[in-house]
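**Student:**
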């Protein structure tokens, strides 16, 4: 699964270093669950794109230190992404999986 | 040939305990995971067990062999003040902050995590893993936190936590450990280190942020400390027990010390006057400026220590040492608050 990073820096094991906002990373479901439960701010790529981040957003505001001068629209989108990341974390804390929930039949 | 271990290759994992002295586990197997990792610059866990020496005279100056007394465990760890980096996500040191403050932090999603005070004594299991895995690996269970010291204004802001623990379990004694030292584990072997540790965040430069003393912002602040001292311990006088009893807690004493450049400004003069008149003030120490990587320490109802003048530098300093915070009302528990935002 592809995830996008929302934090300042996270180390996942010995080989994965995330240090850019919007950085893309491929993780298996167990890897992602471990990382998210460990506080790594990740959101799935689909949600990240749905929120509407443009490529320029990710390039211009790759460093979390630059977010202080980002426009309000970016901050709103970032907040939405953080809310989505928290929802993922809460799902895992409840013992659920990362896979999308099946739609309920009427 | 025997293997050595390098002290740099050490990792700390910390897990909040649901029940004091019980290592988090599922059916006797530790639930330790890479998600519990927390970077630190030092970790020390120690167990002592005194020899009870028979005091009767023998007619000679030598000791006769005594018997082993109670087992006492202590721990301390020091780490940089690394927030998560994403606003509203708990920092890796969250279990230690909860343990010193007395309750869990409150998450405001996307905004902050707020740690307030309470009178409880949450406990943790602290794991100490080293490489190679064949050396002694350890954990301290029932670890309560009685002291935290936050360094403000230094290049690398750090915090040191310390306290007592119920017992220490390690790979050498695992097979023969008693049930208290096992902490609820029943697996055949001591847990191995998780293969994928996860750590987050970068500490902000400790000299950036905003220092607000009694409503005024100062750029003349140099360095200081916040000392959180909660008289928590494990009573070591229980009958028929080699271990400490369940946590007890005494006074919660939060003080701050700091040094700043002295000047003749009206605001500093007013602050000094409040130290002399015993007028309580509010202090806010903000470390960092970037969202998600900022700490805010709020100290309320502070009775300022009398200013002392320090002539050791080229420019005169004024220091306020041992200024104590107070709750607004009995039971308000609002003397001190930490916000990671």
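Protein chains in written order, with the working numbering: chain A, 11 to 116; chain B, 28 to 368.
Where is the CB? At the ideal position from N, CA and C, for every residue including glycine.
Distance cutoff 8 Å, beta carbons only. Does residue 172 of chain B sit that close to anything in chain A?
**Tutor:** no
**Student:** Under 6 Å Cβ to Cβ from residue 42 of chain B, same chain only, skipping five residues before and after it: list those, please.
**Tutor:** 51, 63 and 152
**Student:** To the nearest angstrom, report how far apart residue 24 of chain A and residue 228 of chain B are at their CA atoms.
**Tutor:** 16 Å
**Student:** Taking DSSP as the reference, what is the three-state secondary structure of residue 50 of chain A?
**Tutor:** coil
**Student:** Taking residue 97 of chain B as the reference, which of B/56, B/130 and B/193 has the closest Cα?
**Tutor:** B/193
**Student:** Give me the Cβ distance between residue 223 of chain B and residue 61 of chain B, rounded to the nearest whole Å; I'm assuming they're in contact under 8 Å.
**Tutor:** 4 Å
**Student:** Let me confirm a value: residue 88 of chain B is counted as buried when at least 16 other C-beta atoms fall within 10 Å, else exposed. Which label applies?
**Tutor:** exposed
**Student:** Would residue 47 of chain A count as contacting chain B if we go by Cβ distances under 8 Å?
**Tutor:** yes
**Student:** Can you pull the DSSP bridge partners for residue 73 of chain B?
**Tutor:** B/101
**Student:** Just confirm the distance between the C-beta atoms of residue 234 of chain B and residue 180 of chain B, as a whole number of angstroms; I'd bet it's less than 8 Å.
**Tutor:** 6 Å
**Student:** Give the range of the alpha helix (DSSP H) segment to which residue 304 of chain B is assigned.
**Tutor:** Membership of residue 304 of chain B in the alpha helix (DSSP H) is indicated by the continuous run 293-304.
**Student:** Chain A partners of residue 223 of chain B, CB-CB under 7 Å?
**Tutor:** 22, 23, 41 and 44
**Student:** Could you list which residues in chain A have their beta carbon closer than 7 Å to that of residue 320 of chain B, in chain order?
**Tutor:** 18 and 74
**Student:** As a quick exercise: from B/177, B/280, B/230 and B/302, pick the residue whose alpha carbon is nearest that of residue 253 of chain B.
**Tutor:** Cα-wise, what sits closest to residue 253 of chain B is B/177.
**Student:** Using a Cβ-Cβ distance under 8 Å, would residue 252 of chain B count as near chain A?
**Tutor:** no
**Student:** Just the chain B side, please: which residues come within less than 7 Å of residue 92 of chain A by C-beta, in chain order?
**Tutor:** 113, 114, 115, 136 and 137
**Student:** In chain A, which residues lie less than 8 Å from residue 146 of chain B when you measure between Cβ atoms?
**Tutor:** Going along chain A, no residue has its Cβ under 8 Å from residue 146 of chain B, so there is no contact; the nearest lies around 26 Å.
**Student:** What does residue 96 of chain A reach in chain B if we use C-beta pairs closer than 8 Å?
**Tutor:** 115, 116, 134, 136 and 137
**Student:** Can you grab the Cα-Cα spacing for the pair residue 318 of chain B / residue 114 of chain B, in whole Å?
**Tutor:** 6 Å
**Student:** Quick check on residue 175 of chain B: does DSSP put it in helix, strand or coil?
**Tutor:** strand
**Student:** Compute the Euclidean distance between the alpha carbons of residue 191 of chain B and residue 169 of chain B, then round it to the nearest angstrom.
**Tutor:** 8 Å
**Student:** Is any beta-carbon of chain B found at less than 8 Å from that of residue 59 of chain A?
**Tutor:** no
**Student:** Need the endpoints of the alpha helix (DSSP H) that residue 36 of chain A sits in, please.
**Tutor:** No alpha helix (DSSP H) holds residue 36 of chain A; the beta strand (DSSP E) holding it covers 34-36.
**Student:** Sorted by chain position, which residues of the same chain lie with C-beta nearer than 7 Å to residue 289 of chain B's C-beta, five sequence neighbours on each side aside?
**Tutor:** 336, 343, 344 and 345
**Student:** Determine the burial state of residue 208 of chain B: buried for a count of at least 16 other Cβ atoms within 10 Å of its Cβ, exposed for fewer.
**Tutor:** buried
**Student:** Starting from residue 35 of chain B and walking both ways along the alpha helix (DSSP H), at which residues does that stretch end?
**Tutor:** Run containing residue 35 of chain B: none; DSSP gives neither H nor E here.
**Student:** Who are the near neighbours of residue 273 of chain B in its chain, counting only those whose CB is closer than 7 Å to its CB and skipping five residues on each side?
**Tutor:** 47
**Student:** Quick check: what's the CA-CA separation for residue 217 of chain B versus residue 144 of chain B?
**Tutor:** 35 Å
**Student:** Measuring only between beta-carbons, confirm whether residue 64 of chain B sits less than 8 Å from chain A.
**Tutor:** yes
**Student:** When the Cα atoms are used, what is the spatial distance from residue 124 of chain B to residue 66 of chain B?
**Tutor:** Taking the straight line from one Cα to the other gives about 14 Å.
**Student:** Any beta-carbon of chain A closer than 8 Å to the one on residue 226 of chain B?
**Tutor:** For residue 226 of chain B, the nearest CB of chain A lies under 8 Å from its own CB, placing it at the interface with that chain.
**Student:** Can you check whether the CB of residue 368 of chain B is closer than 8 Å to the CB of residue 323 of chain B?
**Tutor:** yes
**Student:** Between residue 32 of chain A and chain B, is there a C-beta pair that is closer than 8 Å?
**Tutor:** no
**Student:** Which runs of the beta strand (DSSP E) fall wholly inside the stretch 244-295 of chain B and span at least 3 residues, in chain order?
**Tutor:** As far as the stretch 244-295 of chain B is concerned, its whole beta strand (DSSP E) runs of at least 3 residues are 248-260 and 275-288.
**Student:** For residue 79 of chain B, count neighbouring C-beta atoms within 10 Å of its own C-beta (all shown protein chains included) and say buried if the count is 16 or more, exposed if not.
**Tutor:** exposed
**Student:** Terminal residues of the continuous alpha helix (DSSP H) containing residue 123 of chain B?
**Tutor:** 121-128
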